[in-house]
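Engineer:
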Amino acid sequence: MVSAASARPVHPEYVRAQNPGKTARKIATRIALIVVSAIVIVWIAFPFYWAFLNSIKPAVDTFGSKWIPWVQFEPRLDTWQRVWSIREVRQGLLTSATIGLGGATLATAFGVPAAYAIARFRFGTKGNMAMTNWFLSQRIMPPVIFAPPIFILARTLGLLDTVLALVLLAGTFNIPFVVLIMSQMFRDLPVELEESAQVDGASRWEIFRRIALPLVAPGVVASWLIVLAFSWNEVFFALVVASKDAIPMTMYIVGLSGTRGVDFPAASTMALLMIAVPTIIALTCQRFIVRGLSLGAVKG
Amino acid sequence: MRGEATVEAPVRAAPRSEPSARWRARDRAKWFFLLPGVVWILLFTIFPLLYAIRMSLHAYRFGIEGAFVGLGNFQRLLTDAVLHEDLVTTFQFVISSVAVEMVVGVSLALLFNREMRGRGLLRTLATLPLFATPVAIGYLGITLFYEEGGPVNAFIQTLGGSQVPWLSNPFWAKVAIILLDIWQWTPFVFLVSLAGLQGLSQDLTEASEVDGAAWWQSLVFIILPLMAPLLWLILLLRAIEAFKVFDTVVTLTAGGPGRATEVISRYTYITMRKFSDYGYAAAQGFLLLLIVAILFTLLWSRIKHNYGAPR
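These protein sequence lines are chains A and B, in that order.
Just so you know, we're using the working numbering here: the first sequence kicks off at 227 and counts up by one.
Just so you know, we're using the working numbering here: the second sequence kicks off at 250 and counts up by one.
#1: Using the rule of at least 16 other Cβ atoms within 10 Å of the residue's Cβ for burial, across every protein chain shown, is Asp209(B) buried or exposed?
#2: With 7 Å as the threshold, decide whether the Cβ of Phe282(B) is near any Cβ in chain A.
#3: In chain A, which residues lie with their C-beta within 7 Å of the C-beta of Pro378(B)?
#4: In chain B, which residues lie less than 8 Å from Val389(A) when you measure between Cβ atoms?
#5: Run through the DSSP bridge pairs and tell me what Tyr309(B) is partnered with.
#6: Which value, in whole angstroms, describes the spacing of the CA atoms of Asn400(A) and Met496(A)?
#7: With a cut-off of 7 Å, does the C-beta of Ser585(A) fall near any C-beta of chain B?
#8: So which residues of chain A does Pro383(B) contact, with C-beta pairs closer than 9 Å?
#9: So is Met304(B) in contact with chain A if we call contact Cβ pairs under 7 Å?
#10: Using a beta-carbon distance below 7 Å, is Ala455(A) in contact with chain B?
#11: Quick one: does the C-beta of Ile253(A) sit closer than 6 Å to a heavy atom of the ligand GTP?
#12: Would you kindly report the start and end of the unbroken alpha helix (DSSP H) that includes Gly534(B)?
#13: Is Met411(A) near Val338(A), with beta carbons less than 7 Å apart?
#14: Out of Pro416(A), Ala254(A), Phe299(A) and Ser520(A), which has the shortest C-alpha to C-alpha gap to Trp481(B)?
#15: Identify whether Phe463(A) lies in helix, strand or coil by the three-state DSSP scheme.
#16: Whose C-alpha, out of Ile325(A), Ser281(A), Gln298(A) and Arg302(A), is nearest the C-alpha of Val453(A)?
#17: List, in order along the chain, the chain B residues whose C-beta lies closer than 9 Å to that of Gly337(A)?
#18: Using a beta-carbon distance below 7 Å, is Pro264(B) in contact with chain A?
#19: Using a Cβ-Cβ distance cut-off of 7 Å, determine whether Trp289(B) contacts chain A.
#20: First and last residue of the alpha helix (DSSP H) that includes Thr388(A)?
#21: Just the Cα atoms here: how many angstroms apart are Val524(A) and His554(B)?
#22: Is the Cβ of Trp293(A) closer than 7 Å to any Cβ of chain B?
#23: Mind listing the chain B neighbours of Thr398(A)? Cutoff is C-beta to C-beta under 7 Å, in chain order.
#24: Evaluate Ser417(B) with the Cβ neighbour count: other Cβ atoms within 10 Å of its Cβ, from every protein chain shown; 16 or more gives buried, anything less gives exposed.
#25: Answer yes or no: does any C-beta atom of chain A fall closer than 7 Å to that of Phe611(B)?
#26: In three-state terms, what does DSSP make of Phe420(B)?
#27: Three-state secondary structure (DSSP) at Phe299(A)?
#28: Taking the continuous alpha helix (DSSP H) assigned at Gly481(A), which residues delimit it?
#29: Below 8 Å on the Cβ atoms is my contact criterion, and I expect Met475(A) with Gly318(A) to pass it. Report the Cβ-Cβ distance as a whole number of Å.
#30: Give the straight-line distance between the Cα atoms of Ala493(A) and Ser311(A), rounded to the nearest whole angstrom.
#31: If you draw a straight line from the C-alpha of Leu379(B) to the C-alpha of Ala348(B), how long is it?
#32: Using a cut-off of 8 Å between C-beta atoms, extract the partners of Phe535(B) located in chain A.
#33: Which of the three DSSP states is assigned to Thr321(A) in this structure?
#34: For Met521(B), report the span of its alpha helix (DSSP H) as first-last.
#35: Looking only at its own chain, which residues have a Cβ that is under 8 Å from the Cβ of Gly445(A), when we skip the five neighbours before and after it?
#36: Straight-line CA distance for Tyr529(B) to Arg348(A)?
Right, here's the structure in full:
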């Protein structure tokens with residue numbers, strides 16, 4: 227990816243010829259790369275594999291050194307069935323899904339047009355930068371600050387312990403994320419296309435709707451999915467607002483972790499159920515993740 | 250992107266086509282695009298913030314607004330020894346985890362910034378911890394760090410070490426939450442700095458190589474200075490996220506043993522939901538806001554170029 231495009235002033239072979247000690251170093255580098263890659267892969271993958279193993283192993287084998295299903299033990303799905311049969315788990319997953327879908331849709335609906343405004347229009351000499359700065363500051367604001375007033379406000383409005391409150395919170399607090407990412411994406415579009423449409427008499431809305439939006443559609447979908455993952459993973463506001471009827475899966479897990487004695491197979495299975503959705507999203511949005519997590523500063 | 254990166258802006262995209270004067274013209278349409286989002290956020294943030302100010306000036310008991318106490322809640326911030334202890338814990342957590350993540354993440358990015366087979370796979374794998382639900386990771390952590398034969402201890406004992414009291418010893422419990430954070434967020438530092446490195450021009454490093462610079466010389470004098478704005482950005486984002494740590498602590502240690510891993514966010518949450526002391530919780534929120542705001546202001550001038558501000 228790197229070498230093909232950049233024109234090199236000096237042929238690399240020339241550099242190498244000047245430097246005979248390089249071959250030995252190349253081999254050393256290669257070995258180091260393989261060793262480090264192996265460590266990194268095991269380090270990252272181990273917790274996932276451990277959870278997977280425990281979810282299909284009978285509880286008695288938890289601490290045995292049985293690592294390979296089918297070879298060392300017969301995998302069983304009874305833990306999965308047991309976990310799925312818990313009403314709170316199904317309810318929690320449904321609530322999490324609602325918060326994820328609702329929050330993502332809300333954040334995208336408000337965020338994308340605002341991103342377009344910042345990318346294309348001029349708000350005074352410093353307005354655009356100030357706006358980006360403001361959204362960024364909103365993004366990094368610790369949610370703890372909002373927790374006390376939001377609890378009291380939700381109580382006043384009768385929104386305590388409702389999924390609606392959690393959808394609104396997830397949606398609102400992710401708008402800045404969508405704005406930051408999407409304004410960078412809109413800026414990357416060549417403006418000429420939109421300007422020629424303007425000459426042809428199209429309105430701002432038509433230009434946005436028919437030209438700009440379709441061109442950034444993959445980015446919009448990716449931001450929607452990433453916000454879905456954020457909202458799915460969220461637990462703080464749930465702990466503040468929910469108590470009985472609107473408990474997402476994350477909050478249910480917090481409740482379980484507080485009890486003494488951990489049921490390893492069930493804990494692993496629930497962790498996997500929780501992680502599955504954001505993992506699929508991470509795999510789908512590969513291209514956008516670096517840009518997303520650096521809040522638009524770096525193209526992936 | 251790769252060819253055009255310059256000394257001025259190493260990690261920025263190629264110059265974009267700027268909207269012409271047509272867009273600069275007075276245009277009411279822009280408000281139509283911008284305002285819904287801004288107003289919506291303001292509704293949900295400014296109003297609660299103002300309300301939080303009011304709350305912080307009142308004594309709340311059991312969720313009911315009580316007497317006006319002026320700055321009483323803020324004075325408590327100064328004298329609350331428990332809060333100070335939790336602040337120290339939070340700082341310890343932030344400094345250790347972010348330092349390790351930066352060093353390891355950037356080193357790995359430098360190492361893997363070359364043509365090699367399987368790099369795509371490595372990058373894909375690295376994205377998985379980033380999105381893994383923190384609450385679930387913390388919960389899984391209880392099993393990973395299980396003292397009697399859990400996999401982490403089993404591994405340490407295979408290497409000849411002794412059993413580590415991960416969750417029952419105050420020091421090791423702190424190490425455990427730091428390790429979880431490192432597991433989850435080192436990939437972030439790695440991926441973003443790798444993307445930055447790939448945006449650097451190859452010509453500069455090659456030229457320095459031709460001039461006989463050792464690898465560490467091109468690293469210290471060329472690559473790191475060019476990467477500095479991006480590294481500051483990564484540091485800022487990580488530090489601020491780390492200050493908010495809550496989820497993994499709640500499930501892995503619940504602040505324990507004792508108060509060893511009690512962090513500021515969890516303390517505020519407990520103040521609020523367990524002690525129903527909303528006024529004091531609001532005051533604590535402002536303290537955290539102050540810390541984050543200071544961090545942001547200190548680093549913003551270093552990183553704003555990443556967001557398209559003119560130099």
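We treat Cβ as the ideally placed atom computed from N, Cα and C, and that holds for glycine.
Structural biologist: For this structure:
#1: As shown, chain B starts at 250 and ends at 560. That puts residue 209(B) outside it, with no answer to give.
#2: For this step, residue 282(B) is matched to residue 33 along the second sequence. By this cut-off, Phe282(B) is an interface position.
#3: Position 129 of the second sequence, counting from 1, holds the residue named residue 378(B). Going along chain A in sequence order, the residues near Pro378(B) (Cβ under 7 Å) are Ile270.
#4: Working through the first sequence from its first residue, we reach residue 389(A) at position 163. What Val389(A) touches in chain B: nothing, since even the nearest Cβ is about 17 Å away.
#5: For the purposes of this step, residue 309(B) is taken as the residue at position 60 of the second sequence. Beta-bridge pairing links Tyr309(B) to Glu314(B).
#6: Here the question's residue 400(A) lines up with position 174 in the first sequence. Here the question's residue 496(A) lines up with position 270 in the first sequence. Each residue's alpha carbon lies about 26 Å from the other.
#7: No statement about residue 585(A) is possible, as the shown extent of chain A runs from 227 to 526 and does not include it.
#8: By 1-based counting over the second sequence, the position of residue 383(B) is 134. Near Pro383(B) (Cβ distances below 9 Å), the residues of chain A are Asn459, Val461 and Thr476.
#9: Your numbering for residue 304(B) matches position 55 in the second sequence. By this cut-off, Met304(B) is an interface position.
#10: Sequence index remark: in the first sequence, residue 455(A) carries index 229 (1-based). Yes - at least one Cβ of chain B is within 7 Å of the one on Ala455(A).
#11: Absence of the ligand GTP from the depicted structure is noted, as is the absence of any ligand whatsoever, leaving it without description.
#12: Locating residue 534(B) in the second sequence gives position 285, where the first residue counts as 1. Start and end: Tyr527 to Ile552.
#13: To locate residue 411(A), count along the first sequence from 1; it is residue 185. To locate residue 338(A), count along the first sequence from 1; it is residue 112. Not a contact, by the Cβ cut-off of 7 Å.
#14: If you number the second sequence from 1, residue 481(B) lands on position 232. Residue Ser520(A) is the option with its Cα nearest to Trp481(B).
#15: As a working mapping, residue 463(A) is identified with position 237 in the first sequence. Helix at Phe463(A).
#16: Along the first sequence, read from residue 1 onward, the residue named residue 453(A) stands at position 227. Nearest C-alpha to Val453(A): Ile325(A).
#17: Reading the first sequence from its first residue, position 111 is the one you call residue 337(A). The answer, in chain order, is Gly286.
#18: As a first step, residue 264(B) must be located in the second sequence, where it is residue number 15. Confidence at Pro264(B) is low in this model, with a pLDDT of 48, below 50, so its placement is unreliable and the value that follows should be read with caution. By this cut-off, Pro264(B) is not an interface position.
#19: Within the second sequence, numbered from 1, the residue matching residue 289(B) stands at position 40. Judged by the 7 Å Cβ criterion, Trp289(B) is in contact with chain A.
#20: Along the first sequence, one-based indexing puts residue 388(A) at 162. Note, Thr388(A): premise wrong, no alpha helix (DSSP H); not H, not E.
#21: Within the first sequence, numbered from 1, the residue matching residue 524(A) stands at position 298. Within the second sequence, numbered from 1, the residue matching residue 554(B) stands at position 305. So the alpha carbons of these two residues sit roughly 11 Å apart.
#22: In the first sequence, residue 293(A) corresponds to position 67, counting from 1. Chain B, which has no Cβ nearer than 7 Å to the Cβ of Trp293(A), makes this no.
#23: Along the first sequence, one-based indexing puts residue 398(A) at 172. Within chain B, the residues near Thr398(A) are Trp289, Ile290 and Phe293.
#24: Taking the first residue of the second sequence as 1, we reach residue 417(B) at position 168. With fewer than 16 Cβ atoms within 10 Å of its Cβ, Ser417(B) is classed as exposed.
#25: In this structure chain B extends from 250 to 560, so residue 611(B) is not present and cannot be described.
#26: Taking the second sequence and counting its residues from 1, one reaches residue 420(B) at position 171. Looking at Phe420(B) - three-state DSSP - the assignment turns out to be helix.
#27: Here residue 299(A) refers to the residue found at position 73 of the first sequence. Note: Phe299(A) maps to strand in three-state DSSP.
#28: For the purposes of this step, residue 481(A) is taken as residue 255 along the first sequence, with counting starting at 1. Run containing Gly481(A): Met475 to Ser483, per the alpha helix (DSSP H) assignment.
#29: Residue numbering aside, residue 475(A) sits at position 249 when the first sequence is read from its first letter. Residue numbering aside, residue 318(A) sits at position 92 when the first sequence is read from its first letter. Right, their Cβ atoms sit about 4 Å apart.
#30: As a working mapping, residue 493(A) is identified with position 267 in the first sequence. As a working mapping, residue 311(A) is identified with position 85 in the first sequence. Going from the Cα of Ala493(A) to the Cα of Ser311(A) covers about 14 Å.
#31: Position 130 of the second sequence, counted from the first residue, corresponds to residue 379(B). Position 99 of the second sequence, counted from the first residue, corresponds to residue 348(B). Going from the Cα of Leu379(B) to the Cα of Ala348(B) covers about 18 Å.
#32: Counting from one through the second sequence, the residue named residue 535(B) turns up at place 286. What Phe535(B) touches in chain A: Ile371.
#33: As a first step, residue 321(A) must be located in the first sequence, where it is residue number 95. Helix at Thr321(A).
#34: The residue you call residue 521(B) lines up with position 272 of the second sequence. Segment Ile513 to Arg522, the alpha helix (DSSP H) holding Met521(B).
#35: Within the first sequence, numbered from 1, the residue matching residue 445(A) stands at position 219. Within the same chain, Gly445(A) has close Cβ partners Ile407, Met408, Met411 and Phe514.
#36: In the second sequence, residue 529(B) corresponds to position 280, counting from 1. In the first sequence, residue 348(A) corresponds to position 122, counting from 1. Rounded to whole angstroms, Tyr529(B) to Arg348(A) spans 42 Å at the Cα level.
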